[in-house]
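See structure below.
Numbering (our numbering), first residue to last: 131 to 254.
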């Protein structure tokens with residue numbers, strides 16, 4: 131019999147595998163954060179270039195735009211932006227609540243498991 135298996139239990143084997151899964155999954159976090167950051171930077175560069183071209187186009191073709199039309203467009207855009215930002219804020223709060231709830235559930239499970247383990251040990 132393999133000497134490394136002599137003192138092992140099913141629990142030892144499962145625990146080792148599960149911890150490897152969790153640690154491996156956690157290794158994705160830096161990649162996700164970097165990709166999100168890089169993507170935002172590229173998106174901002176794209177937006178800058180887009181509006182640079184748009185300003186040139188406006189300067190050549192819409193030199194005498196009616197100021198009241200610009201005001202209406204600005205008001206519309208501001209209202210749309212407010213609604214969008216409210217949605218983003220609500221989504222962020224929902225996600226934050228989800229994460230807090232998930233952590234709370236895991237903490238609760240851990241507390242119950244510790245009590246179960248303590249009681250089991252006392253009864254053996």
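Glycine included, each C-beta is placed from N, C-alpha and C at the ideal position.
- Counting along the chain, residue 254 sits inside no alpha helix (DSSP H), nor does DSSP assign it H or E at all.
- Annotation: residue 220 to residue 163 spans about 21 Å, alpha carbon to alpha carbon.
- Rounded to the nearest whole angstrom, the CA to CA distance from residue 140 to residue 146 is 10 Å.
- For residue 210, the three-state secondary structure derived from DSSP is helix.
- Residue 245 carries a helical assignment under DSSP once its states are collapsed to helix, strand and coil.
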